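*Asks:*
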Amino acid sequence: MTDFSPKLSRISAICHGFGNKSALLPDSLQPYRVSQANKKQVHGTKIVEVTEPGQECGEADGLYTTQVGILLTVLTADCLPVIFSHRQGKGIAVVHAGWRGLLDGIILKMVERIARDDDPANWVAAIGPAARSCCYEVNEELVEQFVNRLPSAKNIISPRFRHLNLTAIAEHQLRGAGIHLVDRVGGCTICTTVPNEADASQHHFKYTSFRRTSQQQAIDPTHPGIKGRNQYSGVIILPS
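Residue numbers for the sequence shown follow the numbering used here, so the first one is 121 and each next one is one higher.
Set out below in structure tokens:
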């Protein structure tokens with residue numbers, strides 16, 4: 121059930137995966153967990169370069185490394201997990217991008233960091249499971265903020281009234297910044313379901329979703345929260 125990017129999967133020097141409710145950290149990344157860089161995500165735009173396994177990065181929503189054997193991850197529910205890799209696996213990066221991060225330019229800042237070492241055209245990016253435009257309803261003021269900040273993306277920002285297309289916005293930013301190999305991976309974290317392993321006639325939600333949980337709690341205040349149950353997405357340059 122783990123989601124993988126076809127483009128990233130062709131890079132033999134790295135291992136990656138996008139988590140879900142049944143595999144919060146993808147099985148493919150479990151062997152490297154001890155090397156994971158640690159950070160506190162704050163919906164900001166800070167990028168930290170990771171130089172050693174288990175590095176404490178403080179507050180950060182983007183991590184970058186050219187070092188072998190360091191697992192970079194982001195923790196998401198409805199926000200975008202974005203994974204980056206050089207085409208030969210010479211460098212990797214991850215970004216956590218919600219609507220605030222997209223407005224404030226977290227993706228563009230990551231591409232700027234990549235560009236200090238290499239041509240972004242040599243890199244691949246994969247945008248993982250997140251709230252999609254089918255379900256991600258917001259207020260009109262937020263849609264207008266995106267339209268005003270990204271006028272060139274006006275036609276893709278809100279394909280439905282008051283619904284944001286975060287994935288399309290992220291892809292637009294990536295391509296505009298020079299990364300042209302972009303995958304969209306996985307489904308909508310709010311509505312995607314999969315067959316129940318015990319009973320194929322029943323379905324359960326595939327991903328953790330704060331938005332879905334909030335909607336359910338509005339109907340039933342006793343509905344449990346999901347603290348600590350977000351999904352990890354990550355990437356590592358494989359040890360030789």
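Just so it is clear, CB atoms sit at the ideal spot from N, CA and C, and this is done for glycine as well. Computed from a predicted structure; not experimentally measured.
Using a Cβ-Cβ cut-off of 7 Å (strictly less than) and excluding sequence neighbours within five positions of residue 177, which residues of its own chain qualify?
*Replies:* To locate residue 177, count along the sequence shown from 1; it is residue 57. The residues are 157, 158, 159, 168, 170, 183.
*Asks:* Assuming residue 222 and residue 286 make a contact with CB atoms under 8 Å, what is their CB distance in whole Å?
*Replies:* The residue labelled residue 222 in the question sits at position 102 within the sequence shown. The residue labelled residue 286 in the question sits at position 166 within the sequence shown. About 6 Å separates the two Cβ atoms, so the contact holds.
*Asks:* Given a cut-off of 7 Å, decide if residue 258 and residue 220 are closer than it, judged by their beta-carbon atoms.
*Replies:* Translated into the one-based positions of the sequence shown, residue 220 becomes position 100. Translated into the one-based positions of the sequence shown, residue 258 becomes position 138. No, these two residues do not count as a Cβ contact at 7 Å.
*Asks:* Using only the heavy atoms of the ligand NAP, determine whether one of them is closer than 6 Å to the beta carbon of residue 271.
*Replies:* In terms of ligand content, the structure shown is empty, and the ligand NAP therefore cannot be addressed.
*Asks:* Indicate the three-state DSSP secondary structure (helix, strand or coil) for residue 258 in the structure shown.
*Replies:* For the purposes of this step, residue 258 is identified with residue 138 of the sequence shown, where counting begins at 1. Coil.
*Asks:* How many whole angstroms separate the CB atoms of residue 350 and residue 196, which I take to be in contact at a CB cut-off of 8 Å?
*Replies:* Working through the sequence shown from its first residue, we reach residue 350 at position 230. Working through the sequence shown from its first residue, we reach residue 196 at position 76. With 8 Å as the limit, residue 350 and residue 196 qualify as a contact, their Cβ atoms being about 6 Å apart.
*Asks:* Is the beta carbon of residue 332 sitting closer than 7 Å to the one on residue 299?
*Replies:* Within the sequence shown, residue 332 is the residue found at index 212, counting from 1. Within the sequence shown, residue 299 is the residue found at index 179, counting from 1. It is not a contact, given that the beta carbons lie outside the stated cut-off.
*Asks:* Between residue 209 and residue 353, how many whole angstroms is the CB-CB distance? I'm expecting something under 8 Å.
*Replies:* Sequence index remark: in the sequence shown, residue 209 carries index 89 (1-based). Sequence index remark: in the sequence shown, residue 353 carries index 233 (1-based). With a Cβ gap of about 17 Å, residue 209 and residue 353 do not count as contacting.
*Asks:* Going by beta carbon distance, what residues of the same chain come within less than 7 Å of residue 254, once the five residues before and after it are set aside?
*Replies:* Here the question's residue 254 lines up with position 134 in the sequence shown. If we look at residue 254 and ignore the five residues flanking it on each side, its Cβ neighbours are 308, 311.
*Asks:* Based on the DSSP secondary-structure assignment, which residues constitute the bridge partners of residue 176?
*Replies:* Along the sequence shown, read from residue 1 onward, the residue named residue 176 stands at position 56. Partner(s): 158.
*Asks:* Span of the beta strand (DSSP E) holding residue 193?
*Replies:* Indexing the sequence shown from 1 puts residue 193 at position 73. Counting along the chain, the beta strand (DSSP E) containing residue 193 begins and ends at 192-196.
*Asks:* Among all the DSSP beta bridges, which residues are the ones paired with residue 185?
*Replies:* The count along the sequence shown starts at 1 and reaches residue 185 at position 65. In the DSSP output, where bridge partners are listed per residue, residue 185 has 212.
*Asks:* Which word fits residue 326, buried or exposed, when buried means at least 16 other C-beta atoms lie within 10 angstroms of its C-beta?
*Replies:* Taking the first residue of the sequence shown as 1, we reach residue 326 at position 206. Buried, since its Cβ has 16 or more Cβ neighbours within 10 Å.
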